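Chemist: Residue numbers (the working numbering): 5 to 551. Below is the structure I would like to discuss, written out as structure tokens.
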């Protein structure tokens, strides 16, 4: 009876030795990767398209600075071979589509000649040993499709395609309880790779933004050649779902290219250089890092209990892309004082002096403030240039929800005061679907060719922030309310929530004048609250109109 025990003891001894040997071997590999991350402090450039370099926000830059990296950001139109050569790593969310009418290199579009130079610069950078990361696709408008197609046109030579299919795991997801109620999935499918050290779970967004047309997937699948090493896959319960209608953002019921475990991050050697793709919208990663509305779900926080290692994975990618290797001749960038403090500079060009003492719009006539190509259907300027101005009142509240008077009475008094419109702000929490419908009918009946009574209501989110919605809109569906309240939790103003700057008509040398702020062109001459005037901007209004 003793012999089997001795045999078992011998077997166990060999098993222990074998396991220990394998453990030490794996530990050696992990230590090598960790050591590279610890000693490699690359210079990373974020390429973007706005005057204020939004390719990486200041909170994200600070994260990388604290890790010992060198960081900078620049607009697409200054990308040259000489500039790229200063960096170990270059991060681009997506490439701009080619437009024969484009007059320079930009992010919205690029001329054919400028595109040739840009792609040649990227090729030259990789040939010099640079590390290039595509951190897209873009997400926010339907224009993102053109950027995805432009990126795929370049990436084809590297045997990869960002597929227009949403990575979606219907069994594992988390929906934000507040703010935009963004939906996320998570995956533990992290294959061993040179960048997998310290990465065990990754959260990723799983929807298609529909803001005037469906944008590309917030997380897209990758169709990869054999040269690529997959870095992250969806779990086996995830698939890649085609977008069947770009107008309505409709998604197919069944997965297509990948029935399970779709890849959405990968790396490869690219000659002397290295190439990586992270097919997650940068709004949730490098652009939106630390923005309160995203709550850090994708990059660090997960659902609050199960954390995400995505930010750490980005760190690993920078270190791998920027690591020393044979044939590498790029790098060595020295930060400016602002960059070393994590500040992103504004790039406005050289301003032309304006004579503020002129009481007329001479500066406009001289072209100092005029947009480069004003459109005929969008006039701008004061009444002196033929633009009719309308006077109105915003925020009136009738007796229906705790104020005074009726719609008809407000309109009568408004006409006496020389107004052209009134925008009402009824207390939403006191409205019902029926009373809101009647109120809209009253506003329509009180309106005429020379006066508008515009229905509206003031609503709050769970934090108590106040907002006004105006127009003949439908009464909100109860699904947007916080449980047991009429506080609205589904705030769909993506553009403002993302913290991105406004797309405004600007000259190349001066700040946008107030009257060209078309996205936010309401100018409150006076603000009253509870019978008291809290703001009087009349002098500023006159001054602004006299310029």
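Yeah, the Cβ is synthetic: ideal placement off N, Cα and C, and Gly gets one too. Note that this is a predicted model, so its numbers are computed, not measured.
1. Can you give me the C-alpha to C-alpha distance between residue 454 and residue 475, rounded to a whole angstrom?
2. Is the separation between the beta-carbon of residue 82 and that of residue 51 shorter than 7 Å?
3. Applying the criterion that 16 or more other CB atoms from any shown protein chain within 10 Å of the CB defines a buried residue, is residue 61 buried or exposed?
4. Count the other CB atoms, across all protein chains shown, that sit within 10 Å of the CB of residue 230; report buried if there are 16 or more and exposed otherwise.
5. For residue 180, which residues of its own chain have a beta-carbon under 6 Å away from its beta-carbon, when the five flanking residues on both sides are left out?
6. Say whether the segment 134-143 touches the segment 322-340, bearing in mind that this needs 3 or more beta-carbon pairs closer than 8 Å, one atom from each stretch.
7. According to DSSP, simplified to helix, strand and coil, what is residue 518?
8. Should residue 118 be listed as close to the ligand HEM, given that the test is whether its C-beta is under 6 Å from any heavy atom?
9. Going by other Cβ atoms of all chains shown within 10 Å of its Cβ, with 16 needed for buried, is residue 491 buried or exposed?
10. My output table needs one value for residue 244: the three-state DSSP class, helix, strand or coil.
11. Per DSSP, which one or two residues make a beta bridge with residue 420?
12. Which whole-angstrom value describes the C-beta separation of residue 220 and residue 152, a residue pair presumed to lie in contact below a C-beta threshold of 8 Å?
13. From the DSSP output, read off the bridge partner residues of residue 319.
14. Between which two residues does the beta strand (DSSP E) carrying residue 532 extend?
15. CA-CA distance, residue 244 and residue 427?
16. Please work out which residues of its chain come closer than 6 Å, Cβ to Cβ, to residue 211, disregarding the five sequence neighbours upstream and downstream, and give them in chain order.
17. Would DSSP call residue 432 helix, strand or coil?
18. Can residue 65 and residue 158 be called in contact, C-beta distance under 7 Å?
19. As an exercise, report each continuous alpha helix (DSSP H) stretch of at least 4 residues that is fully enclosed by the segment 55-140, in chain order.
20. Quick check on DSSP: helix, strand or coil for residue 156?
21. Between residue 486 and residue 471, what straight-line distance do the alpha-carbon atoms span, to the nearest angstrom?
22. For residue 470, name the three-state secondary structure that DSSP assigns.
23. With distances taken Cα to Cα, identify the nearest neighbour of residue 164 among 276, 530, 269.
24. Which stretch, first to last residue, makes up the beta strand (DSSP E) that contains residue 444?
25. Please confirm if the segment 403-419 is in contact with the segment 450-469, defined as three or more CB-CB distances below 8 Å between the two stretches.
26. Quick one: what does DSSP say residue 149 is sitting in, helix, strand or coil?
27. Over what stretch of residues does the beta strand (DSSP E) that includes residue 270 continue unbroken?
28. Is it buried or exposed for residue 338, if we count other Cβ within 10 angstroms and need 16 for buried?
29. Do we get a CB-CB distance below 7 Å when we pair residue 430 with the residues of chain C?
30. What does the alpha-carbon distance come out to for the pair residue 272 and residue 279?
31. Please name the residue in 224, 173, 45 whose C-alpha comes closest to that of residue 264.
32. Check whether the segment 243-259 and the segment 196-209 are in contact - that is, three or more C-beta pairs closer than 8 Å.
33. By DSSP's criteria, residue 187 is part of a beta bridge. Which residues make up the other side?
34. Under 7 Å, do residue 545 and residue 529 count as touching if we go by C-beta distance?
35. When the Cα atoms are used, what is the spatial distance from residue 294 to residue 303?
36. For residue 72, tell me which candidate among 345, 94, 425 has the shortest Cα-Cα distance.
Modeler: In terms of the structure at hand:
1. Distance between the alpha carbons of residue 454 and residue 475: 17 Å.
2. No, the pair does not count as a contact, with Cβ atoms beyond the cut-off.
3. It counts as buried.
4. Burial call: exposed.
5. Result list for residue 180: 186, in chain order.
6. Between the segment 134-143 and the segment 322-340, the count of C-beta pairs closer than 8 Å reaches three or more; the two stretches touch.
7. Caution applies to residue 518, whose pLDDT of 47 falls short of 50 and renders its modelled position unreliable; the model cannot decide the point.
8. Absent from the structure shown: the ligand HEM. Ligands present: none.
9. Counting Cβ neighbours within 10 Å, residue 491 comes out buried, since at least 16 surround it.
10. Looking at residue 244 - three-state DSSP - the assignment turns out to be strand.
11. According to DSSP, which records beta bridges pairwise, residue 420 is partnered with nothing at all.
12. Yes, residue 220 and residue 152 are in contact; Cβ-Cβ is about 5 Å, under 8 Å.
13. The secondary-structure analysis by DSSP pairs residue 319 with nothing; it has no beta-bridge partner.
14. Run containing residue 532: 530-533, per the beta strand (DSSP E) assignment.
15. Roughly 45 Å between the two C-alpha positions.
16. Residues of the same chain with a CB within less than 6 Å of the CB of residue 211, apart from the 5 flanking positions on each side, are 187, 222 in chain order.
17. In this structure, residue 432 counts as helix in the three-state DSSP scheme.
18. Going by C-beta atoms, residue 65 is not nearer than 7 Å to residue 158.
19. Complete alpha helix (DSSP H) runs here, min 4: 62-70, 85-88, 116-131.
20. Of the three classes helix, strand and coil, the one that applies to residue 156 here is helix, per DSSP.
21. Approximately 16 Å between the Cα atoms of the pair.
22. In this structure, residue 470 counts as strand in the three-state DSSP scheme.
23. With distances taken between Cα atoms, residue 164 lies closest to 269.
24. First-last for residue 444: 437-450, but that is the alpha helix (DSSP H), not the beta strand (DSSP E).
25. With the cut-off at 8 Å, the segment 403-419 and the segment 450-469 touch.
26. In the displayed model, residue 149 falls within a helix according to three-state DSSP.
27. 267-274 is the span of the beta strand (DSSP E), which, as asked, contains residue 270.
28. Result: exposed.
29. In summary, chain C is missing from the structure at hand, where a single protein chain is found.
30. So the two alpha carbons sit approximately 5 Å from each other.
31. Per the Cα distances, 173.
32. By the Cβ criterion, the segment 243-259 is not in contact with the segment 196-209, since fewer than three pairs of Cβ atoms, one from each stretch, lie closer than 8 Å.
33. 179, per the DSSP bridge assignment.
34. The Cβ atoms of residue 545 and residue 529 sit closer than 7 Å to each other.
35. Cα to Cα, the separation comes out at about 9 Å.
36. Out of 345, 94, 425, the CA that lies nearest to the CA of residue 72 is found in 345.
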